[in-house]
Amino acid sequence: MNTWVIARNTFGDSLRKRVLLIFLLLAFVMLTLALLLNYFTAREQSTIFKSTQLVIILIFGALIAITTAVFLIPNEIERRTIYSILSKPVQRWEFFLGKFLGGAMTVGFMVGLMSMALMLVLFVLSAKPPTSTVDLGQAQTQAVNIGDWMHRAGSEMLLVLRGTLVIYFQLIIVTAIATTLSLYLTPTVNFSVTAFIWIVGNLQWLVSALANRNDTKDSFVIIPWIAKLFYYLLPHFHDFNIMGSIVHPEVAIKVNHWVYAGEVGAYGVAYALLVLLAGVLVFDRKEV
Amino acid sequence: MAAAMRPKRQGQLSAAQRGKVLALMGVTFVASAAISEVVKPGQFEYQRAALAQPEGEEYKETQALKTMQGTSFQALMPTLLGVREVLASLMWVQADDYFHRGEYRPIISMVKQITAIDPHQLDVYATGAWHMAYNFMDKRLIEDGVNFLQAGCKNNSAVYDLFFEQGYMHYDKTKDFPAAVAAYELASQKKTTTGKVVPPSYVRHQLAHAIEKMGDIDRCVAQWEKNLEVGKELEKKEGVNPGAAGPNTAAAYHNLYITRRRLNERVASIAERERNQAEAVKLWEANVALADDWLKIFPNHGDVLKDRQRAQNEVERLKAGHLRPMSMADLDMHFTVTRIAPRKLEVEGTIDALDLSRVRVQFEDKDYPERIKRGFDFKMDNCSLEWDDLPVNKNHFKRTIDLDKDPADMERTPAEIYPLKADQYELSVTYNPRLQAAFIQDRYGWNGEGLTAKPGELVIDDSRAGMMNGKRYPLRLVRKVITLSREDVIGKEKKVLYKD
Chain A
298 MNTWVIARNT
308 FGDSLRKRVL
318 LIFLLLAFVM
328 LTLALLLNYF
338 TAREQSTIFK
348 STQLVIILIF
358 GALIAITTAV
368 FLIPNEIERR
378 TIYSILSKPV
388 QRWEFFLGKF
398 LGGAMTVGFM
408 VGLMSMALML
418 VLFVLSAKPP
428 TSTVDLGQAQ
438 TQAVNIGDWM
448 HRAGSEMLLV
458 LRGTLVIYFQ
468 LIIVTAIATT
478 LSLYLTPTVN
488 FSVTAFIWIV
498 GNLQWLVSAL
508 ANRNDTKDSF
518 VIIPWIAKLF
528 YYLLPHFHDF
538 NIMGSIVHPE
548 VAIKVNHWVY
558 AGEVGAYGVA
568 YALLVLLAGV
578 LVFDRKEV
Chain B
4 MAAAMRPKRQ
14 GQLSAAQRGK
24 VLALMGVTFV
34 ASAAISEVVK
44 PGQFEYQRAA
54 LAQPEGEEYK
64 ETQALKTMQG
74 TSFQALMPTL
84 LGVREVLASL
94 MWVQADDYFH
104 RGEYRPIISM
114 VKQITAIDPH
124 QLDVYATGAW
134 HMAYNFMDKR
144 LIEDGVNFLQ
154 AGCKNNSAVY
164 DLFFEQGYMH
174 YDKTKDFPAA
184 VAAYELASQK
194 KTTTGKVVPP
204 SYVRHQLAHA
214 IEKMGDIDRC
224 VAQWEKNLEV
234 GKELEKKEGV
244 NPGAAGPNTA
254 AAYHNLYITR
264 RRLNERVASI
274 AERERNQAEA
284 VKLWEANVAL
294 ADDWLKIFPN
304 HGDVLKDRQR
314 AQNEVERLKA
324 GHLRPMSMAD
334 LDMHFTVTRI
344 APRKLEVEGT
354 IDALDLSRVR
364 VQFEDKDYPE
374 RIKRGFDFKM
384 DNCSLEWDDL
394 PVNKNHFKRT
404 IDLDKDPADM
414 ERTPAEIYPL
424 KADQYELSVT
434 YNPRLQAAFI
444 QDRYGWNGEG
454 LTAKPGELVI
464 DDSRAGMMNG
474 KRYPLRLVRK
484 VITLSREDVI
494 GKEKKVLYKD
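Residue numbers (the working numbering), protein chains in the order written: chain A, 298 to 585; chain B, 4 to 503.
Written out as structure tokens, the structure is:
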């Protein structure tokens, strides 16, 4: 219960921060700028628009997640508000998890807003059939078929929903890492370290491949084990990369997309929990 | 022990609770590792799809590294960071900007880079190939456009789009109609990008047109019948839509009727030439019956009524014994090639063919097909190829093949487009009945059944034979080839190089 109260207050505090609103505003400006690509065919426009916008949501979402999380606990310590909270019957782990949950809610709210903007634009763009250069001329002379439009818009929105959900689960891990690291590091250093972990996490498939190379196994037996340990300890952000299936839904992939989204979601939650439990132990003994 | 000795503050965990948290950490670590193993095959499928790797291979962990090794340098960073699609999209915006500024030169390498980064950019393949085969106006690049589309088809084999583009390039540009048919055939069996099982009607209709150009009229009729059936089925679901992408049964009806009518007419003409009166009567009667059938569907259709009247008149004429067999048209082609300036060859000739016929004049290295096998760079530096389809006007055709200017005004030097580095060149003049308009084919036939020429100029090609009413008709075309030396082409003074 205490956790939830702290989370709500943190969420409210975070939304009042100007820096987050600036990020959000920038993201909206970039969303709007992409609409200027209307000189392409509808299919080209859709491909370009979706790919750029999902990356914008990912990058600005990560910026918002890190910026929010790195200040969550240091600000409480700096303003000394943490003492009054911890002097009440509040467990330290409740405080820590509450701060994280508030940060995760903030990130969810921001990503949700950007996703809704993207969906709104895609809804409008879906009025045009996804023509190629072949049937462009004909499509321009055709009246909009409301039924087809709704069908296309529904499909596009489901794609975006899946894409942004997976992005959000990725950002939950980022938020958990930044929140836990904020117990050790100053916000500036924390920002850089979390961003570095995010990049390394995106290269994890390369580590996995190196760990399983036959020639590496033969030459020096310890290297694959180190690589494997490294692989399991660091987050697998590359598993969250499903961009191709959103941008090119026509490409056949032998995967149940929603099941996969659920699996990486479960991974995101499990890994974030692991990081948070480490944070709980550290915060429990932290001198505040 | 030391932790246990430390005094517990307000809100801190007890030693037992810390132990539980540690145990929970162990459980979540194992859980996250286990889930990541569950996720891995799915992620591999996403990666394989992103790189257009072939399906059906057994999943192996080291496959990811092999994928990496096969990735081009341009695609490396976006692949590593998982933003290949957005990078490809942004590069395409830049390539489009180059195009609209008239800077065509960087486009070829850019489109190749883009498709290496994201091999599912259908419009990049389609537009890139279009640039190569059309906009650069360099005939040597047409095969590169075709090859680029071929790569696109391989990487996007689930949807019809690039197969259709490839078919059209063969149909319109290379005039390789069997290749066009093969591509359209595949396109007609593929899905759309929006998941529709049946591609737009223009795909099936183009297939039928290509089969007709190939000369296999029996198969063409069968294809139009199939197109009509597919269109009718689609109309039941989608309603009437005469647009090129809709069911468009109107076009299928029209083309089926007109192909059957022409088939009967043209085979009747052959029968009459062979003085086979009974066969000719039978074929014209078939046209009367065809018109009657069509009038049941389209009552009082003006053109069909006229066709019926004409067929009826022919039946009556033939039954009355008034045969008017038309002999084969001797095209009697002659031409002169004059060098009017260095790198400028004027081709002027006469041909006894109908007005608005097209005569193809082609200039190339003598062993062009062999020379280009030495690679793209060699081809661009050393090989020359140009052609033009000249209109016949009052039995006369004339055109200057200008090898001294950039045909697209892209400020390329003439030597870039026409290096003229071979010792010998071939200049061919060809009259191909398959490249003619329908009203001209009414006289000479789909396969040149109604044309002839001097021995040595008439080419009878059984490997490209057509089919009409179950009978095989070899392609008959008129072709004359002369050989020119390099000096003939680049010499300074005006000189007649060939005259017959």
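The beta carbon of each residue, even a glycine, is placed where N, CA and C say it ideally should be.
Please classify residue i as buried or exposed, where buried requires at least 16 other C-beta atoms within 10 Å of its C-beta.
{"i": "ALA569/A", "result": "buried"}
{"i": "LYS23/B", "result": "exposed"}
{"i": "THR483/A", "result": "exposed"}
{"i": "MET279/A", "result": "Residue 279/A lies beyond the range of chain A shown here (298 to 585); nothing can be said about it."}
{"i": "VAL302/A", "result": "exposed"}
{"i": "TYR528/A", "result": "buried"}
{"i": "PHE379/B", "result": "exposed"}
{"i": "ASP384/B", "result": "exposed"}
{"i": "GLN365/B", "result": "buried"}
{"i": "LYS497/B", "result": "exposed"}
{"i": "GLY148/B", "result": "buried"}
{"i": "GLN13/B", "result": "exposed"}
{"i": "GLY434/A", "result": "Note that GLY434/A scores 48 on pLDDT, short of 50, meaning its location in the model is unreliable and no value can be drawn from it."}
What is the DSSP secondary structure of residue i, counted as helix, strand or coil?
{"i": "SER452/A", "result": "helix"}
{"i": "GLN437/A", "result": "Since pLDDT at GLN437/A reaches only 48, below the 50 mark, its modelled position is unreliable, and the value read off the structure follows with that caveat. If DSSP states are grouped into helix, strand and coil, GLN437/A belongs with the helices."}
{"i": "THR341/B", "result": "strand"}
{"i": "TYR428/B", "result": "strand"}
{"i": "PHE337/A", "result": "coil"}
{"i": "SER542/A", "result": "helix"}
{"i": "ILE550/A", "result": "coil"}
{"i": "VAL243/B", "result": "coil"}
{"i": "SER466/B", "result": "strand"}
{"i": "LYS229/B", "result": "helix"}
{"i": "ASP405/B", "result": "strand"}
{"i": "ILE354/B", "result": "coil"}
{"i": "LYS396/A", "result": "helix"}
{"i": "GLN124/B", "result": "coil"}
{"i": "PRO417/B", "result": "helix"}
{"i": "GLU106/B", "result": "coil"}
{"i": "PHE493/A", "result": "helix"}
Under 6 Å from any heavy atom of the ligand SAH, does the C-beta of residue i make it?
{"i": "TYR101/B", "result": "Here there are no bound small molecules, and the ligand SAH is not part of this structure."}
Check whether the Cβ atoms of residue i and residue j lie closer than 7 Å to each other.
{"i": "LEU259/B", "j": "LEU293/B", "result": "no"}
{"i": "ALA34/B", "j": "ALA567/A", "result": "yes"}
{"i": "GLU268/B", "j": "THR252/B", "result": "no"}
{"i": "THR472/A", "j": "ALA401/A", "result": "yes"}
{"i": "ILE470/A", "j": "PRO532/A", "result": "yes"}
{"i": "ASN450/B", "j": "GLY469/B", "result": "yes"}
{"i": "ALA248/B", "j": "TRP227/B", "result": "no"}
{"i": "LEU357/B", "j": "ARG446/B", "result": "yes"}
{"i": "ALA52/B", "j": "ILE345/A", "result": "no"}
Excluding five sequence neighbours on each side, which residues of the same chain lie with their C-beta closer than 7 Å to the C-beta of residue i?
{"i": "LYS142/B", "result": "LEU388, GLU389, TRP390"}
{"i": "TYR128/B", "result": "THR118, PHE151, LEU152, GLY155, LEU165"}
{"i": "VAL561/A", "result": "VAL463, PHE466, ASP536, PHE537"}
{"i": "GLY405/A", "result": "TYR465"}
{"i": "ALA359/A", "result": "LEU468, VAL471, TRP495"}
{"i": "ALA348/A", "result": "Looking at the sequence shown, residue 348/A is not Ala but Ser. Once the five neighbours on either side are set aside, the close Cβ partners of SER348/A are MET540, VAL544."}
{"i": "TYR62/B", "result": "Annotation note: pLDDT 49 at TYR62/B (below 50); position unreliable, no value reported."}
In chain order, what residues of the same chain lie with their CB nearer than 6 Å to the CB of residue i, ignoring the 5 residues before and after it?
{"i": "LEU415/A", "result": "GLN350, VAL457"}
{"i": "ALA5/B", "result": "Legend: pLDDT at ALA5/B = 47, less than 50; position of this residue unreliable, no value from coordinates given."}
{"i": "TRP287/B", "result": "ALA271, ALA314, GLU317, VAL318"}
{"i": "PRO122/B", "result": "ALA55, ASN158"}
{"i": "TYR101/B", "result": "PRO109, ILE110"}
{"i": "ALA274/B", "result": "GLU282, ALA283"}
{"i": "ASP503/B", "result": "HIS337"}
{"i": "GLY352/B", "result": "HIS337, PHE338, PHE400"}
Near residue i, which residues of its chain fall below 8 Å by C-beta distance, leaving aside the five closest residues on each side in sequence?
{"i": "ILE374/A", "result": "VAL585"}
{"i": "ILE145/B", "result": "MET135, ALA136, MET172, LYS176, THR177"}
{"i": "LYS347/B", "result": "THR403, ILE404, ASP405, LEU406, ASP407"}
{"i": "MET428/B", "result": "In the sequence as presented, Met is not what sits at residue 428/B; that position holds Tyr. PHE366, GLU367, ASP368, LYS369, SER387, THR486, LEU487, SER488, ARG489, ASP491, VAL492."}
Against chain A: residues of the region 118-136 of chain B by CB proximity under 9 Å:
ASP121, HIS123, GLN124, LEU125, ASP126, VAL127, ALA129, THR130, TRP133
Within 9 Å of chain B by C-beta, residues of the region 521-548 of chain A in sequence order
TYR528, TYR529, LEU530, PRO532, HIS533, PHE534, HIS535, ASP536, PHE537, ASN538, ILE539, MET540, GLY541, SER542, ILE543, VAL544, HIS545, PRO546, GLU547, VAL548
Could you list the residues in the region 435-452 of chain B with a C-beta less than 7 Å from some C-beta on chain A, going in chain order?
none
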